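Below you'll find the structure, written out as structure tokens, and then a few comments.
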Amino acid sequence: MAHAGFFVAAPPKVDLLEEKLPKDKGTQELIKDIPVLLKPEIKKDAIDYVKTTVNDVRAGKLVDKEGARKVVRTLVEEVMNNYQHTLLNLIDIRHHDEYTFSHSINVCVLAILMGIKKRLEKPELEELGLGGMLHDLGKIRIKHEILNKPDRLTKEEIDTMKQHPTYGYELLCYDQEIGSIPREIAYQHHEQYDGGGYPRGLRGGEIHQYATIAALADVYDALTTDRPYRKRFLPHDAMRVIITDTDSKFSQDSIRLFLEHMSIYPVGSMVRLNSGEVAVVIKSHEKALIRPTLRMILNPRGDYYPEAHEVDLRRDKKRFIIGPVGDDIFLERY
Ligand SMILES: [Fe+2]
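Under the working numbering, the first residue of the sequence shown is numbered 7, with each subsequent residue one higher.
Now the structure itself:
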């Protein structure tokens, strides 16, 4: 048998390891040279832009189109240049009230990533990214108490919440220069393939394919982020949720596109191997998503390797990933 050389270890100190490992200093040392997809200053500028825009629109001003296009163009450039071998550093929520702004940028970046995989050209990527960035703009018309209510929403409150795509569409309609794609993304990002979405209950091919991309990005980012009422899912589990719970909400084609290209072990994920070792993913390979290149961290006994070394699972067939380890280290990169 191909894996006979390794014994599948289940060390008794697994729980302890999983608790301490992601925050461990030794681990941080081993990953500090892995570049991140978005440089912190670029991400900060983008988040600041969204914050200002939301405040402007709330005050009755129009969206600053020039600013929006500039931000999205930079994000498209960054993602196009770096997406293959960098840490997908989406999560950096420190404060709950930052969620909306950061989420907008994450959806924008994830949508751009999927658009690249779909081989869209730069101008289309910019439209898609702009739609991702502004998809929830309509929430500014929803009362703060409803948006941030920690308890279950009442029927009326849910109906109010369901207005936000329409509000977003209306806000973006004031301004013809925004273009139809971002508008439609804002309008349709909660529509579902089976017709069970809102606000209009569109189904199947009636839904703009860019809106479907933004919707998948929206769901994925929401699942992989801590919310006041639940802890985040690991990328691996978020994928499972998308496959099992949302299969009627998206077309099979769009789910396939998402799964084929979003690694279940993105760069920066910590994984456990059949050998009992623990490693961090440092490079994904398009054609072999479950056999990425790893940097080895712990040996089968749970001790640090004295020197960092890399293993490409496409070549090393004795080792394979048995699952993610407790948390994702990219959470600790800020
Ligand atoms: Fe939304």
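Glycine included, C-beta positions come from ideal geometry on N, C-alpha and C.
Because the structure is a prediction, the values reported are computed rather than measured.
Cβ-Cβ separation between glycine 207 and tyrosine 199: approximately 11 angstroms, too far for a contact (criterion under 8 angstroms). Alanine 117 is positioned such that its CB atom lies no closer than 9 angstroms to that of threonine 80.
For tyrosine 55 against glycine 137, the beta-carbon gap comes to about 15 angstroms, at or over 8 angstroms, which does not count as contact. For aspartate 142, the distance from the CB to the nearest heavy atom of ligand 1 is below 8 angstroms. Membership of arginine 278 in the beta strand (DSSP E) is indicated by the continuous run 275-279. In the displayed model, valine 287 falls within a strand according to three-state DSSP.
Straight-line spacing of the CA atoms in glutamine 258 and phenylalanine 107 works out to 30 angstroms. For tyrosine 175, the three-state secondary structure derived from DSSP is helix. Of the other Cβ atoms in all chains shown, fewer than 16 fall within 10 Å of the Cβ of serine 254; this residue is therefore exposed. Relative to ligand 1, aspartate 165 has its C-beta separated by 8 angstroms or more from all heavy atoms. About 6 angstroms separates the Cβ atoms of valine 317 and methionine 302, confirming a contact at the 8 angstroms cut-off.
Counting only residues of its own chain and dropping the five nearest sequence neighbours on each side, alanine 244 has a CB closer than 7 angstroms to the CB of Tyr226, Leu229, Thr230. Beta-bridge analysis with DSSP links leucine 208 to no other residue. When distances are taken from the beta-carbon of aspartate 224 to the heavy atoms of ligand 1, the shortest one is below 8 angstroms. If you check the C-beta of histidine 150 against ligand 1, you find no heavy atom less than 8 angstroms away. Counting C-beta pairs with one atom in each stretch, the region 141-151 and the region 165-181 have three or more that are closer than 8 angstroms, which means they touch. When the beta-carbon positions are compared, alanine 221 and phenylalanine 256 come within less than 9 angstroms of each other. Here the alpha carbon of glutamate 283 sits roughly 9 angstroms from the alpha carbon of aspartate 309. Here glutamine 182 is exposed, its C-beta having fewer than 16 other C-beta atoms within 10 Å. Shortest gap from the CB of histidine 195 to any heavy atom of ligand 1: under 8 angstroms.
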